[in-house]
Every structure is written in structure tokens, then in C-alpha cells.
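Asker: For the sequence shown, our numbering assigns the number 3 to the initial residue and increments by one for each residue that follows. Heads up, the beta-carbon is just placed ideally off N, CA and C, and yes, glycines get one too.
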Amino acid sequence: MTRLSMPNTEPATTLRFGYEHVAAEALLRQPDVLAVLGFGASCALPDDPRVLRVGLEPVGDAPLEVWRGAAPVRHGRDGDLRWSSDGEHLFFAIEVDEAVQGGIAVAAEYAYRRLTTFVAGSGTPHLLRLWNYLDAINDGSGDAERYRLFCDGRAAGMPAGTARYPAASAIGRQDGVRVLQVYGLAARSAGTAIENPRQVSAWRYPRQYGPTSPTFTRGMRTADTQLLISGTAAVVGHASLHEDDVDAQLDETLTNLGSLLRQAGLPDPHLGAGSLLKAYLRDPAAATTVEATLSARIPVLGGLVLLAGDICRRELLVEIDGEHHA
Ligand code: 3EB
3 MTRLSMPNTE PATTLRFGYE HVAAEALLRQ PDVLAVLGFG ASCALPDDPR VLRVGLEPVG
63 DAPLEVWRGA APVRHGRDGD LRWSSDGEHL FFAIEVDEAV QGGIAVAAEY AYRRLTTFVA
123 GSGTPHLLRL WNYLDAINDG SGDAERYRLF CDGRAAGMPA GTARYPAASA IGRQDGVRVL
183 QVYGLAARSA GTAIENPRQV SAWRYPRQYG PTSPTFTRGM RTADTQLLIS GTAAVVGHAS
243 LHEDDVDAQL DETLTNLGSL LRQAGLPDPH LGAGSLLKAY LRDPAAATTV EATLSARIPV
303 LGGLVLLAGD ICRRELLVEI DGEHHA
């Protein structure tokens, strides 16, 4: 009998994201675990460079988010920055006390200088994806709004001439803790930045949204053909639509996500079993309707976590980010 040996076409180093109900201690004993993210004030997690507790409260189900790379994963600390790496992928996280730095703008500048310097000097120099979580994102008026100050500091802390921005999310925590949390993913191989044809690129937003445009791309296709999906809301062109209507905003957000997935040129451009999503809700009471709409529109979904979080424009009530693979 002839046996065909099937070539393994999956890259050995594919990064896998998942939501898991397992104790963090058990996960950290597994040699392929790159990162463990927990959500909410009551989430107790061990002190480890691979672990971050994000101060956004889960609404309903509260699994851990687990990133798995290729074993063995190395990890360590570089001052106030923690990291882990499988050689192809780098997880990093930094938490910056705003009072120590002298405000949210300086804290963001500091965080971005630290992380861009660290990533550039690593064997995984391509910044693919960043998550930014800060308290009270909409406090302050006009250009003194904390989100706008964050954007000022973020741009100041990125190396001059940065041409390619990572995919990103920037969400407001509701925990009253004035500590900026930034974590992200970098890789040895470059990704491909994807923009959404329905949306003006964020770095080209007109002046009305603040003096410093947000520096992120709508999506990042990784070398192993996953799509890292930035925070996506009911923004069409550069305008926010459907003020005060969470259902209509969610519908517009799903249209934006569909457009982004088509633009990414993926084998299967539909949210489904290969998609892991987070939905951020300004008002956690919207969870029931948001969850119902999502399960009606996406009958089989890889995973969903609902988090109470403020969107960076006051009129926006819901935002979705996530990962998608074919
Ligand atoms: C938007 O489309 C919504 O400042 O990093 C989404 C994703 C948004 C990332 C960021 C902001 C950011 O403009 C807001």
C-alpha cells in the first residue's frame, strides 16, 4: 500500500487566538502560551510577563483570552515593559501611571516611545496590532478631551516618519483608575495594512476630530493570513452615524466589518467560526440587544466577549474589534 505523506501547509508558527475557561496558572504551564488576558476588577491573575488584567468589565461570560504561538515561548521584563515571544510573534504590555508622568498625553507619549523602541530593537520589529485602554476617555471638552490628548501623546511617542501604522483599538475604561494600559502584537514578518473603502483613513480625519489624527490602520493582515481587525464603529466617511441608536450603530458597524473583510482579500470574507470578536458597549444594558443581533447575523461565531467600555467619540455607543482567519 502506498501512503501519501500530506504536506503540512499550515505555517508552523501560526498565532492562534481563543477565549478559554481555564485557570491562568494552568495556561501558563503550557509552553505555547504567549499571552493571557483577563477582564474586569475581580479577575485574579498571577504576576507574570505573559499576563495582563484589563480593567474593562465583562458583561456576562468572562473567559480568558489566550494567544498561542509556537513552543517554546520565552518571556521577560524590560523595566516597566513585559514581553513574551516565540521568535515569530511578540506580545508586549506596558501600564503607565498618569499621575507619575503628568497627565494622559505625556503617559501616552512615554508608553509609545518605550514600546516602539523595544519592538524596533527586537527580532520581531513589525508592529501589527495595539490595544489602548484608558480611564474616562471622553472627559474634558474640545481639544482637551482625554482621547484627543491621548492621540497627541501617541503620535509624539511614535518615531518621526512612521509611515505604516498598526491596527488598533482605543477604548475608555469605566474603572476610575488613571493608568494607561497598552498591549500589542509585533512579528518577525511584516503584515499588510488594510483600509476600509467605506471609511476615511483615520490619519486623514479632518481637524474637527482633534489636532492630532488617530494613528491606526483599519486592519492588518498577518503573514499567516489572519486579519487583525481594529476597533470598528458606525463611522462612514469620517462621520459618526445613528446618534443615540445602538441597534442602527451595530448594523452600520457590521456593514463596515463586511467591507473590511472583503477588502482584505481573505479566502472567506465572512465573520463566522473563524472570527473572535469583542464588542465594547458604552451602556452595558445594551448587551441583550447587541448579543441577540450578533447571534442572528452571525449564527456561528468563533467567540464573543462583551465589555463595558466608552467609545472615543461621545456619540458612539458600540465598537467591535477582533481577529479573523479563514
Ligand atoms: C473610529 O473609527 C473609531 O484611536 O486607536 C477605532 C479604532 C477608533 C482605533 C484609535 C479609534 C482608534 O475612528 C475610533
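(1) Is P216 near ligand 1, going by C-beta to nearest heavy atom under 7 angstroms?
(2) For T290, count the other beta carbons within 10 Å of its own beta carbon; 16 or more makes it buried, fewer makes it exposed. Which is it?
(3) For M67, which three-state DSSP category applies?
(4) Hey, could you find the ends of the alpha helix (DSSP H) F152 is sitting in?
(5) Among V68, D312 and P199, which residue has its Cα nearest to the Cα of L17?
(6) With 16 other CB atoms within 10 Å as the buried threshold, where does E27 fall?
(7) Cβ atoms of A189 and E90: under 8 angstroms apart, would you say?
(8) Judging by CA-CA distance, which residue of V24, P33, G276 and S191 is the nearest neighbour of T126?
(9) Would you tell me roughly how many angstroms separate the C-alpha atoms of P74 and A113, rounded to the nearest one?
(10) Taking just the CA atoms, how far does V302 sit from A162?
(11) Buried or exposed: E100, going by 16 or more other Cβ atoms within 10 Å of its Cβ?
(12) Tell me which same chain residues have a C-beta within less than 6 angstroms of the C-beta of N10, skipping the five on either side of it?
(13) Using CA atoms only, rank isn't needed, just tell me which of R115, F120 and A110 is closest to F94.
(14) Measuring CB to CB, does Y282 end up less than 8 angstroms from I313?
(15) Kindly indicate which residue of L256, D177 and V61 has the alpha-carbon position closest to the one of S277.
(16) Let me know if R209 comes out buried or exposed under the rule of 16 or more other beta-carbons within 10 Å of its beta-carbon.
(17) On the DSSP bridge assignment, give the partners of S181 in chain order.
(18) Would you report the Cα separation of D80 and V102, rounded to the nearest angstrom?
(19) Buried or exposed, going by whether 16 or more other CB atoms sit within 10 Å of the CB of E321?
(20) Any heavy atom of ligand 1 inside 7 angstroms of the beta-carbon of S232?
(21) Out of curiosity, what's the CA-to-CA distance linking E12 and D226?
(22) Pick helix, strand or coil for G341, following the three-state DSSP scheme.
(23) Please tell me whether, using a cut-off of 7 angstroms, the distance from the CB of A172 to the nearest non-hydrogen atom of ligand 1 is below it.
(24) Put Q201 into one of helix, strand or coil per three-state DSSP.
(25) Is A204 near ligand 1, going by C-beta to nearest heavy atom under 7 angstroms?
(26) Measure the alpha-carbon distance for R115 versus A298 and round it to whole angstroms.
(27) Taking the alpha-carbon of G193 as reference, which of T295, P51, L83 and A266 has the nearest alpha-carbon?
(28) Verify whether the separation of the beta carbon atoms of G155 and I106 is less than 8 angstroms.
(29) In the DSSP output, which residue or residues are listed as bridge partners for V237?
(30) Kindly indicate the opening and closing residues of the alpha helix (DSSP H) around A369.
(31) Determine the DSSP secondary structure at L303, reduced to helix, strand or coil.
(32) Would you report the Cα separation of L330 and A310, rounded to the nearest angstrom?
Answerer: Result, derived from the coordinates:
(1) For P216, the shortest C-beta to heavy atom distance toward ligand 1 is below 7 angstroms.
(2) With fewer than 16 other Cβ atoms within 10 Å, it is exposed.
(3) Contrary to the premise, residue 67 reads as Glu rather than Met in this sequence. Strand, per DSSP.
(4) Taken as a continuous stretch (DSSP letters only), the alpha helix (DSSP H) holding F152 covers R148 to G159.
(5) Nearest option by C-alpha distance: V68.
(6) Around the beta-carbon of E27, fewer than 16 other beta-carbon atoms lie within 10 Å, marking it exposed.
(7) Going by C-beta atoms, E90 is nearer than 8 angstroms to A189.
(8) Scanning V24, P33, G276 and S191 for the CA closest to the CA of T126 turns up S191.
(9) Cα to Cα, the separation comes out at about 28 angstroms.
(10) If you take the alpha carbons of A162 and V302, they lie about 43 angstroms apart.
(11) Within a 10 Å sphere around the beta-carbon of E100 sit 16 or more other beta-carbons, which makes this residue buried.
(12) In this prediction, N10 has a pLDDT of 43, which is less than 50 and means its spatial position is unreliable; nothing more can be read from the coordinates.
(13) Nearest in C-alpha terms to F94, of all of R115, F120 and A110, is F120.
(14) Going by C-beta atoms, Y282 is nearer than 8 angstroms to I313.
(15) Considering only alpha carbons, the answer is L256.
(16) Here R209 is exposed, its C-beta having fewer than 16 other C-beta atoms within 10 Å.
(17) Going by the sequence as given, residue 181 is Val instead of Ser. D99, per the DSSP bridge assignment.
(18) Straight-line Cα distance between these residues: approximately 19 angstroms.
(19) Buried is the call here.
(20) For ligand 1, a non-hydrogen atom lies closer than 7 angstroms to the CB of S232.
(21) Model confidence at E12 stands at a pLDDT of 47, short of 50, so the residue's coordinates are unreliable and nothing is read from them.
(22) Because residue 341 is not part of the residues shown, which for the chain are 3 to 328, the question remains open.
(23) Result yes, Cβ under 7 angstroms from ligand 1.
(24) Three-state result, Q201: strand.
(25) Relative to ligand 1, A204 has its C-beta within less than 7 angstroms of a heavy atom.
(26) Spanning the two alpha carbons is a distance of roughly 43 angstroms.
(27) Measuring from the Cα of G193, the nearest candidate turns out to be A266.
(28) Judged by beta-carbon spacing, I106 lies within the 8 angstroms limit of G155, meaning their Cβ atoms are closer than that value.
(29) S242, per the DSSP bridge assignment.
(30) Here the chain covers residues 3 to 328 and nothing more, so residue 369 does not appear.
(31) L303 falls in the coil class under three-state DSSP.
(32) Nothing can be reported for residue 330, as the shown portion of the chain is limited to 3 through 328.
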